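Comments concern the structure below.
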Amino acid sequence: MSFLSATLDRVKPSPTIAVSTMARELKAAGKDVIGLGAGEPDFDTPANIREAGKAAIDSGDTRYTAPDGTPELKAAICAKFKRDNGLDYKPAQISVGTGGKQILYNALMATLNPGDEVVIPAPYWVSYPDMVLLAGGTPVIVKAGADADYKLTPEALDAAITDKTKWFIFNSPSNPTGAAYSRDELQALTDVLVKYPHVWVMSDDIYEHLVYDGFEFFTPAQIEPALYERTLTCNGVSKAYAMTGWRIGYAGGPEKLIGAMRKVQSQSTSNPCSISQAAAVEALNGPQDFIPANNEVFRRRRDMVVEMLNAAEGIDCPKPEGAFYVYPSVTACIGKTTAGGVKIVNDEVFATALLEEKGVAVVFGAAFGLEPCFRVSYATSDELLREACTRIQDFCASLR
Ligand code: PLP
Numbered sequence: 022m023s024f025l026s027a028t029l030d031r032v033k034p035s036p037t038i039a040v041s042t043m044a045r046e047l048k049a050a051g052k053d054v055i056g057l058g059a060g061e062p063d064f065d066t067p068a069n070i071r072e073a074g075k076a077a078i079d080s081g082d083t084r085y086t087a088p089d090g091t092p093e094l095k096a097a098i099c100a101k102f103k104r105d106n107g108l109d110y111k112p113a114q115i116s117v118g119t120g121g122k123q124i125l126y127n128a129l130m131a132t133l134n135p136g137d138e139v140v141i142p143a144p145y146w147v148s149y150p151d152m153v154l155l156a157g158g159t160p161v162i163v164k165a166g167a168d169a170d171y172k173l174t175p176e177a178l179d180a181a182i183t184d185k186t187k188w189f190i191f192n193s194p195s196n197p198t199g200a201a202y203s204r205d206e207l208q209a210l211t212d213v214l215v216k217y218p219h220v221w222v223m224s225d226d227i228y229e230h231l232v233y234d235g236f237e238f239f240t241p242a243q244i245e246p247a248l249y250e251r252t253l254t255c256n257g258v259s260k261a262y263a264m265t266g267w268r269i270g271y272a273g274g275p276e277k278l279i280g281a282m283r284k285v286q287s288q289s290t291s292n293p294c295s296i297s298q299a300a301a302v303e304a305l306n307g308p309q310d311f312i313p314a315n316n317e318v319f320r321r322r323r324d325m326v327v328e329m330l331n332a333a334e335g336i337d338c339p340k341p342e343g344a345f346y347v348y349p350s351v352t353a354c355i356g357k358t359t360a361g362g363v364k365i366v367n368d369e370v371f372a373t374a375l376l377e378e379k380g381v382a383v384v385f386g387a388a389f390g391l392e393p394c395f396r397v398s399y400a401t402s403d404e405l406l407r408e409a410c411t412r413i414q415d416f417c418a419s420l421r
């Protein structure tokens, strides 16, 4: 009998971490590698937020807090939901966890029974299907391809829902594509969801603030009040506030669900770090003006990367609305052979050969459930991005 649990057998290790490990090994061996795999901003946490963390340490804010968040942070989150999303949540409807990741995981752990299905549009953030499996549920993957700008159509959503569907996971702007749904596109999906009262909506809004060219962000519970009672609106400070290492995520939703999530958290990790919670209060209540400034940098990089990748032979790169990712297709490269003699049979081989022959680390599309593509994170310096895109162009030009 295996020592490891059967549940763990169903789960795979994170492919994005595997790519960064391989890039790190090549770097350690002296190879000139540019990593475009990171899922975090290259900016520092703003100074006022760092100061709030230091002040929390010095004032003794260093003890256990309520398991799912301090009253101060919950109040700041309620104010944020009202300000940015027009959503009314009471503190009892708020859960704070160790990163957005724990919030999603708690919600799935608190609700899934064997046989329960969770509809996940692909390409998806790598953790969604595996978290569903860990919680004992069944992921139902629905493709949303480049032909539809990587956005799920209402017809495809409708066809994926069964009597066993418990959740629909929605992520806009998306990791890995950067695609974000307009109000009309979202309304078309919520119109479908309204028809199925047994389906709950998990909206992962972690890239909310990272949108460009005047794009207006909307979240399901905001535009469809009929879904408010069965939506968990998830968010966090990791991405927009450059606070990935502080580990604070949060959600607003029905009290019964929030209470169940508290139960999971209180018997696993207990409260998220008290110092990080104090810093997150400052992030949400303090000045927000660095967000548009950072976004201008991200937008410029996105435009450069999209232009340079589309100039590479055999690559087709849609221009997304948000996040800091692009998701080019390499369909036209499949079947070709690299200068090093490798036949490109799929996107994983493409990405591995690109890393070995040109020293550029990207994550292959199969990891996100939609191939043949790869993900580029442009949360890195302009100079490195330009060099990496030039290498990708050279790599593509060398294919025969
Ligand atoms: N959701 C999506 C779509 C993400 O890309 C990430 C992080 O990469 C998270 C959630 C988790 O964020 P956190 O670092 O706050 O756990």
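Just so you know, the working numbering puts the end of the sequence shown at 421, numbered straight through with nothing missing. Just so you know, even glycine gets a beta-carbon here, dropped at the ideal spot from N, CA and C. All values derive from a computational prediction rather than experimental measurement.
Quiz item: Is Ser-23 helix, strand or coil when you go by DSSP?
Solution: Here Ser-23 sits in coil by DSSP.
Exercise. Please name the residue in Leu-207, Lys-357, Met-325 and Glu-378 whose C-alpha comes closest to that of Ser-398.
Key: For Ser-398, the nearest C-alpha among the options comes from Met-325.
Quiz item: Any heavy atom of the ligand PLP within a distance shorter than 6 Å of the CB on Asn-127?
Solution: No, since every heavy atom of the ligand PLP falls outside the 6 Å radius drawn around the Cβ of Asn-127.
Quiz item: Which runs of the beta strand (DSSP E) fall wholly inside the region 256-295 and span at least 3 residues, in chain order?
Solution: Within the region 256-295, complete beta strand (DSSP E) segments of at least 3 residues are found at 270-273, given in chain order.
Practice problem: Take Ala-372 and list the residues in its own chain whose beta-carbon comes closer than 6 Å to its own, dropping the five residues that flank it on each side. | Solution: Excluding residues within five positions, the ones whose Cβ falls inside 6 Å are Val-383, Phe-385 and Phe-395.
Quiz item: Relative to the alpha-carbon of Gly-362, which residue among Val-54, Leu-420 and Asp-89 has its alpha-carbon at the smallest distance?
Solution: Looking at the Cα atoms, Leu-420 is the closest of the given residues.
Quiz item: Between the C-alpha atoms of Gln-298 and Tyr-110, what's the straight-line distance to the nearest angstrom?
Solution: Pairing Gln-298 with Tyr-110, the inter-Cα distance amounts to about 19 Å.
Exercise. Would you list the residues whose beta-carbon is nearer than 6 Å to any heavy atom of the ligand PLP, in the order they occur in the chain?
Key: Taking each Cβ in turn, the ones that pass are Gly-60, Gly-120, Gly-121, Lys-122, Trp-146, Asn-192, Asn-196, Asp-225, Ile-227, Gly-257, Ser-259, Thr-265 and Gly-270.
Self-check item: Alpha-carbon to alpha-carbon, Ala-418 and Gly-158
Solution: Using only the alpha carbons, I get a separation of about 44 Å.
Quiz item: Per DSSP, which one or two residues make a beta bridge with Thr-159?
Solution: DSSP output for Thr-159 lists Glu-138 as bridge partner(s).
Exercise. Counting only the same chain and skipping the five closest in sequence on each side, list residues whose C-beta sits under 6 Å from that of Arg-320.
Key: Around Arg-320: Tyr-233.
Quiz item: What are the start and end residues of the alpha helix (DSSP H) that includes Val-40?
Solution: Counting along the chain, the alpha helix (DSSP H) containing Val-40 begins and ends at 36-49.
Quiz item: Which of the three DSSP states, helix, strand or coil, is assigned to Asp-109?
Solution: If DSSP states are grouped into helix, strand and coil, Asp-109 belongs with coil.
Quiz item: Can you give the Cα-Cα distance for Ala-44 and Thr-254, rounded to whole angstroms?
Solution: Rounded to whole angstroms, Ala-44 to Thr-254 spans 35 Å at the Cα level.
Exercise. Can you tell me which of Gln-414, Val-347, Pro-339 and Gly-273 puts its alpha carbon nearest to the alpha carbon of Ala-167?
Key: Minimum Cα distance to Ala-167 is reached at Pro-339.
Exercise. Write down the C-beta distance between Gly-235 and Thr-252 rounded to the nearest angstrom, noting that I regard them as a contact closer than 8 Å.
Key: Contact doesn't hold; Cβ gap of about 26 Å is too wide.
Practice problem: Would you mind reading off the limits of the beta strand (DSSP E) that contains Thr-186? | Solution: Taken as a continuous stretch (DSSP letters only), the beta strand (DSSP E) holding Thr-186 covers 186-192.
Self-check item: C-alpha gap between Pro-62 and Val-215, whole angstroms
Solution: For Pro-62 and Val-215, the distance between alpha carbons rounds to 36 Å.
Quiz item: How would you write the range of the alpha helix (DSSP H) that Arg-71 sits in, first residue to last?
Solution: Start and end: 68-79.
Quiz item: Given a threshold of 16 other Cβ atoms within 10 Å of its Cβ, counted over all protein chains shown, does Leu-29 qualify as buried or as exposed?
Solution: By the neighbour-count rule (16 or more Cβ atoms within 10 Å), Leu-29 is not buried but exposed.
Practice problem: With DSSP collapsed to three states, give me the class of Leu-423. | Solution: The structure shown does not extend to residue 423, since the chain spans only 22 to 421, so no value can be given for it.
Quiz item: Ile-227: buried (16+ other C-beta within 10 angstroms of its C-beta) or exposed?
Solution: Burial call: buried.
Quiz prompt | Beta-carbon gap between Ala-344 and Gly-121 smaller than 7 Å | solution = Their beta carbons are not under 7 Å apart, which means Ala-344 does not touch Gly-121 by this criterion.
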